[in-house]
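Chains as they are written, first to last, in numbering that gives the first Met the number 0: chain D, 0 to 122; chain W, 0 to 122; chain L, 0 to 122; chain P, 0 to 122. Idealized CB from N, CA, C, for every residue including glycine. Heads up, the thing below is written out as structure tokens.
Protein chains: 4
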Amino acid sequence: MIKIDSRSSKPIYEQIIEKIKEDILKGILKPGDKLPSVRELSSMITINPNTISKAYKELERMKVIEVMRGKGTFVAQNYKPVMNEEKMNEMKEHIKKIIIEAHYIGVSKDDLIEIMNEIYKEF
Amino acid sequence: MIKIDSRSSKPIYEQIIEKIKEDILKGILKPGDKLPSVRELSSMITINPNTISKAYKELERMKVIEVMRGKGTFVAQNYKPVMNEEKMNEMKEHIKKIIIEAHYIGVSKDDLIEIMNEIYKEF
Amino acid sequence: MIKIDSRSSKPIYEQIIEKIKEDILKGILKPGDKLPSVRELSSMITINPNTISKAYKELERMKVIEVMRGKGTFVAQNYKPVMNEEKMNEMKEHIKKIIIEAHYIGVSKDDLIEIMNEIYKEF
Amino acid sequence: MIKIDSRSSKPIYEQIIEKIKEDILKGILKPGDKLPSVRELSSMITINPNTISKAYKELERMKVIEVMRGKGTFVAQNYKPVMNEEKMNEMKEHIKKIIIEAHYIGVSKDDLIEIMNEIYKEF
DNA sequence: GTGGTCTAGACCACA
DNA sequence: GTGGTCTAGACCACA
């Protein structure tokens with residue numbers, strides 16, 4: 000189930016994208032599984048259908064989910080990681096930012112790796 | 000020197016904040032060092048003074064820099080890491096997001112730690 | 000045999016129309032050949048009968064196939080190309096679009112003609 | 000100037016995308032040129048800003064245009080053709096469709112190449 | 001002023 | 001019922 004945090008500064012459509020990706024990673028959603036339709040999910044979490052649609056479109060673009068005409072939307076059967084220099088640099092930027100932030104709240108390198116290990120255990 | 004990428008999706012004021020924090024962490028800027036004034040930096044990097052001002056205000060709020068009335072702006076003398084649950088959770092959220100993204104571009108846990116180590120070497 | 004790609008953004012009824020036209024052009028289907036009934040084709044390719052029906056109606060309207068009441072549906076005996084300014088303009092629009100797309104994926108004019116020649120060989 | 004054909008079955012945002020790509024190809028728009036803002040173009044062609052925005056976002060995704068924070072939207076400085084198997088196959092599908100259509104309106108291979116040459120002259 | 005997000009609601013093609 | 005397109009309009013962060 001998707002929980003939206005309306006207090007979060009993270010856009011709703013991004014929260015949806017991340018949650019679905021997370022659920023796939025955790026195996027809660029498996030390749031071939033049917034996702035709720037835009038309207039279904041919309042009424043389930045009382046978010047405007049356009050917002051759901053935006054999230055689904057983005058996930059489709061990333062080839063994480065696929066729309067089967069007349070059948071609905073499904074978790075992609077064989078997702079292949081799409082790696083390119085741009086995405087790699089983006090990720091490095093994010094990591095760098097975290098490392099800086101960590102330092103400023105007093106979290107050392109070892110602490111950070113420890114935290115990462117903890118989070119990896121969830122998956 | 001601060002390089003602004005106006006093509007980036009990251010807000011300019013955030014780029015400035017991050018760059019200054021990074022320079023402090025790397026020792027390029029040391030406690031007590033004088034920062035250029037808002038106007039100076041504004042003309043140096045041809046960015047709207049309001050944007051510079053916003054970055055400085057934010058850095059001041061975080062106690063990373065200090066304004067000495069009539070003298071200018073300086074790197075704080077004794078920065079003390081401010082840790083609280085909220086900031087910790089925020090950081091964990093960011094890490095979780097990175098871990099998910101990493102997976103979707105085909106970067107394994109070991110790769111990720113490797114990349115983190117690389118970035119830590121810069122500091 | 001008609002293969003439907005339900006992942007495609009192309010509507011199913013259009014895929015059917017195109018495939019039948021293609022088969023006629025290739026000589027796999029010849030004038031006078033009997034086509035499967037709507038129900039037959041529907042169960043053959045597990046597609047909603049309404050969708051098959053829509054494709055057949057469209058092909059009939061184009062005079063590519065003919066319905067003989069009580070006997071079934073057949074490839075038209077003497078198809079006469081129907082040319083008019085509107086169809087011509089439509090085709091030109093499509094070609095223009097392809098030329099633009101080709102350029103943006105780095106396909107030159109010569110490449111494009113080469114590709115066209117290749118495809119013509121299939122027919 | 001962008002002319003929208005509201006009678007066309009082609010979505011408005013696609014018409015905008017194609018027109019801008021066409022103008023760049025023809026040299027009417029050059030790398031670095033500023034595009035009208037979403038609101039400007041919106042009032043120029045009396046189309047809802049959301050629709051313009053959708054077209055711009057798509058063009059940005061394709062790296063045909065780029066948004067410079069606080070400065071506006073510009074034709075990308077150095078567009079690099081993005082080629083991949085998927086796009087190639089898509090183009091081939093389109094060409095195949097045109098070849099079939101051409102045949103059914105009585106346009107021969109030579110005619111088709113002739114028409115293509117004509118259109119290439121516009122660019 | 002600039003684009004980004006979100007809602008509400010309408011209409012349509014497709015299956 | 002399903003997603004796609006479009007409009008109108010609000011609110012916000014950023015520069």
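Have a look at L:E13 and L:Y55 and give me their C-alpha separation to the nearest angstrom. On the third sequence, residue 13 of chain L is found 14 positions in, with the first residue counted as 1. On the third sequence, residue 55 of chain L is found 56 positions in, with the first residue counted as 1. Looking at the two C-alpha atoms, the distance is approximately 10 Å.
Can you tell which of W:P48, W:A75, W:G69 has its C-alpha closest to the C-alpha of W:R60? As a first step, residue 60 of chain W must be located in the second sequence, where it is residue number 61. When each option's Cα is compared against that of W:R60, the closest is W:A75.
Name, please, each residue of chain L whose Cβ falls closer than 8 Å to the Cβ of D:R60. In the first sequence, residue 60 of chain D corresponds to position 61, counting from 1. Simply none; closest approach about 12 Å.
Cβ shell of D:V66 (< 7 Å), same chain only, five flanking positions each side left out: Your numbering for residue 66 of chain D matches position 67 in the first sequence. Excluding positions up to five away in sequence, the list reads E59, T72.
Residues of the stretch 37-64 of chain P in Cβ contact with chain L at a cutoff of 9 Å, in chain order, please. M61, V63
Who are the neighbours of L:I11 on chain D, taking C-beta pairs under 9 Å? In the third sequence, counting from the first residue as 1, residue 11 of chain L sits at position 12. Result: R68, G69.
Answer yes if the stretch 96-107 of chain L comes into contact with the stretch 19-33 of chain P, meaning at least three C-beta pairs across the two stretches below 8 Å, and no otherwise. yes
Are the beta-carbon atoms belonging to W:I98 and D:Y119 less than 8 Å from one another? Taking the second sequence and counting its residues from 1, the one referred to as residue 98 of chain W is at position 99. Taking the first sequence and counting its residues from 1, the one referred to as residue 119 of chain D is at position 120. Yes, these two residues count as a Cβ contact at 8 Å.
Within chain P, the residues that L:M0 reaches when beta carbons sit closer than 7 Å: Residue 0 of chain L sits at position 1 when you count from the first residue of the third sequence. Correct list: empty, because the minimum Cβ distance to chain P is about 17 Å.
If distances are taken between C-alpha atoms only, which option among D:K70, D:K108, D:K91 comes closest to D:V37? As a working note, residue 37 of chain D is residue 38 in the first sequence. Among D:K70, D:K108, D:K91, the Cα nearest to that of D:V37 belongs to D:K70.
Helix, strand or coil: which one does DSSP assign to P:T50? Residue numbering aside, residue 50 of chain P sits at position 51 when the fourth sequence is read from its first letter. Three-state result, P:T50: helix.
Tell me the rounded alpha-carbon separation between W:M43 and W:I19. Numbered from its first residue, the second sequence carries residue 43 of chain W at position 44. Numbered from its first residue, the second sequence carries residue 19 of chain W at position 20. If you take the alpha carbons of W:M43 and W:I19, they lie about 15 Å apart.
Could you tell me which chain L residues have their CB closer than 7 Å to the CB of P:V74, listed as they occur along the chain? Along the fourth sequence, read from residue 1 onward, the residue named residue 74 of chain P stands at position 75. The contacting residues do not exist; P:V74 stays about 13 Å from chain L at best.
Give me the residue from P:K95, P:I112, P:E17 with the minimum Cα distance to P:K53. Taking the first residue of the fourth sequence as position 1, residue 53 of chain P is located at position 54. Of P:K95, P:I112, P:E17, the residue nearest in Cα terms is P:E17.
Hey, could you find the ends of the alpha helix (DSSP H) W:I15 is sitting in? Here residue 15 of chain W refers to the residue found at position 16 when the second sequence is read from its first residue. Taken as a continuous stretch (DSSP letters only), the alpha helix (DSSP H) holding W:I15 covers 11-25.
Interface flag, L:S107 vs chain D, CB-CB below 8 Å: Counted from its first residue, the third sequence places residue 107 of chain L at position 108. Taking Cβ atoms only, chain D never reaches closer than 8 Å to L:S107, which makes this a no.
Please list, in chain order, all residues of the same chain as P:K29 whose beta carbon is under 7 Å from its beta carbon, the five residues on each side excluded. Taking the fourth sequence and counting its residues from 1, one reaches residue 29 of chain P at position 30. Once the five neighbours on either side are set aside, the close Cβ partners of P:K29 are V74.
Give me the Cβ distance between L:I15 and P:M115, rounded to the nearest whole Å; I'm assuming they're in contact under 8 Å. Taking the third sequence and counting its residues from 1, the one referred to as residue 15 of chain L is at position 16. Taking the fourth sequence and counting its residues from 1, the one referred to as residue 115 of chain P is at position 116. About 28 Å separates the two Cβ atoms, so there is no contact after all.
The alpha helix (DSSP H) with L:V63 in it runs from where to where? Taking the third sequence and counting its residues from 1, the one referred to as residue 63 of chain L is at position 64. Unbroken run through L:V63: none, as it is neither H nor E.
Which residues does DSSP list as the beta-bridge partners of W:L34? Sequence index remark: in the second sequence, residue 34 of chain W carries index 35 (1-based). Looking at the DSSP assignment, W:L34 forms a beta bridge with W:T72.
Would you kindly report the start and end of the unbroken alpha helix (DSSP H) that includes L:I114? What you label residue 114 of chain L is simply residue 115 of the third sequence in a count that begins at 1. Looking at the DSSP string, the run of the alpha helix (DSSP H) that includes L:I114 is 108-121.
If we define contact as Cβ-Cβ less than 8 Å, is L:P30 a contact residue for chain P? Translated into positions along the third sequence, residue 30 of chain L becomes position 31. No, L:P30 does not count as interfacial toward chain P.
Give the interface partners of W:E21 over in chain D, defined as CB-CB distance under 7 Å, in chain order. Here residue 21 of chain W refers to the residue found at position 22 when the second sequence is read from its first residue. Those are I99, listed as they occur along chain D.
Residue nearest to L:S107 in terms of C-alpha spacing, selected from P:I64, P:F122, P:M0, P:E85: In the third sequence, counting from the first residue as 1, residue 107 of chain L sits at position 108. The residue with the shortest Cα to Cα distance from L:S107 is P:F122.
Are the beta-carbon atoms belonging to P:I112 and P:T50 less than 8 Å from one another? Indexing the fourth sequence from 1 puts residue 112 of chain P at position 113. Indexing the fourth sequence from 1 puts residue 50 of chain P at position 51. For P:I112 and P:T50, no; Cβs fall outside 8 Å.
According to DSSP, is P:L58 part of a helix, a strand, or is it coil? One-based indexing of the fourth sequence puts residue 58 of chain P at position 59. Correct three-state label for P:L58: helix.
Indicate whether W:Y78 and W:K62 have their beta-carbon atoms separated by less than 8 Å. For the purposes of this step, residue 78 of chain W is identified with residue 79 of the second sequence, where counting begins at 1. For the purposes of this step, residue 62 of chain W is identified with residue 63 of the second sequence, where counting begins at 1. Yes, Cβ-Cβ distance for W:Y78 and W:K62 is below 8 Å.
Counting only the same chain and skipping the five closest in sequence on each side, list residues whose C-beta sits under 7 Å from that of W:I46. As a first step, residue 46 of chain W is located in the second sequence; it is residue number 47 there, counting from the start. Here the set comprises I3, I11.
Tell me whether W:L28 sits in a helix, a strand or coil according to DSSP, three-state version. As a working note, residue 28 of chain W is residue 29 in the second sequence. It is coil, neither helix nor strand.
Please report how far the alpha carbon of D:S41 lies from the alpha carbon of W:D32, in whole angstroms. Within the first sequence, residue 41 of chain D is the residue found at index 42, counting from 1. Within the second sequence, residue 32 of chain W is the residue found at index 33, counting from 1. Their backbone Cα atoms lie some 53 Å apart in a straight line.
Can you list, in chain order, the residues of its chain whose CB lies under 8 Å from that of P:L34, leaving out five sequence neighbours each side? Locating residue 34 of chain P in the fourth sequence gives position 35, counting from the first residue. Excluding sequence neighbours, P:L34 sits near I19, L28, L40, Y55, I64, G71, T72, F73, V74.
Can you tell me the Cα-Cα spacing of L:E57 and W:D109, whole angstroms? As a position in the third sequence, residue 57 of chain L is number 58, starting the count at 1. As a position in the second sequence, residue 109 of chain W is number 110, starting the count at 1. Looking at the two C-alpha atoms, the distance is approximately 57 Å.
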